[in-house]
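J.:
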Amino acid sequence: MDDELRYDRMVESALRGVVREALTQAGETGLPGEHHFYLTFMTNHRGVAIPEYLRQKYPQEMTIVLQHQFFGLEVCEDRFSVSLSFSSKTERLVIPLAAITTFADPSVNFALQFQSAKEDGAEDEAEDGEAAAEDGAETPRAETPRNDAGGNVVQGPTGRGQTESTPAEGGKVVTLDAFRKK
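Each residue of the sequence shown is one higher than the one before, counting from 1 in full-length UniProt numbering.
1) Output the distance between the C-alpha atoms of Leu5 and Ser13, rounded to the nearest integer angstrom.
2) To the nearest angstrom, report how far apart Val18 and Glu77 are at their CA atoms.
3) In this structure, how does DSSP classify Leu5 when only helix, strand and coil are distinguished?
4) Suppose you measure from the CA of Phe103 to the CA of Leu112; what does that come to, to the nearest Å?
5) If distances are taken between C-alpha atoms only, which option among Gln69, Val65, Asn44, Leu93 comes closest to Gln56?
6) Look at Tyr58 and Pro106 and say whether their C-beta atoms are less than 8 angstroms apart.
7) Are at least three pairs of beta-carbons, each pair with one atom in the stretch 19 to 27 and one in the stretch 70 to 84, less than 8 angstroms apart?
8) Tell me which residues share the same chain as Arg16 and place their Cβ nearer than 6 angstroms to its Cβ, disregarding the 5 neighbours each side in the sequence.
9) Report the start-end ranges of each beta strand (DSSP E) in the stretch 75 to 111 that is 3 residues or longer and not cut off at the edges.
Quick look at the structure:
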């Protein structure tokens with residue numbers, strides 16, 4: 001309906017602003033103390049620019065960690081770019097904020113989980129299971145993060161909300177389901 005206020009979209013936009021602000025501060029002053037970010041993003045989302053060999057290895061989702069060895073973090077209104085080392089080769093990644101499905105800072109038990117919306121702006125997916133069944137995709141399985149040769153932690157496809165970056169007990173994951181109309 002056109003006459004309804006879309007609070008779910010307003011909340012998602014505000015929460016993506018939190019991600020943008022955290023990345024901006026990290027780019028300007030570095031990460032203080034034990035802070036580090038796990039960012040899971042859709043590799044097939046419009047605007048994602050990653051090397052082809054990474055896209056082939058992670059055709060749906062990829063998790064990167066910004067902690068000790070990241071370079072040239074630049075944040076724009078709708079995307080960020082960063083250079084990371086993969087197998088001793090530095091690569092530049094460009095990731096739209098809309099492609100991010102999970103943002104976490106495990107050092108303070110903070111995480112945000114976003115619903116993946118259809119690219120064409122169609123209505124939000126009703127249920128996680130239905131979405132996977134509609135597009136014929138298998139539900140991805142979680143993988144344990146591992147260090148590549150350059151010291152970066154990379155993680156392959158994950159199930160929604162099943163990343164290793166989920167906060168420990170006592171932490172809070174904010175999901176948009178609480179704000180969606182049932």
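Virtual Cβ for every residue (Gly too), placed ideally from N, Cα, C.
T.: If we stick to the structure as given:
1) 14 angstroms
2) 12 angstroms
3) coil
4) 5 angstroms
5) Asn44
6) no
7) yes
8) Leu97
9) 79 to 86, 89 to 96, 100 to 105
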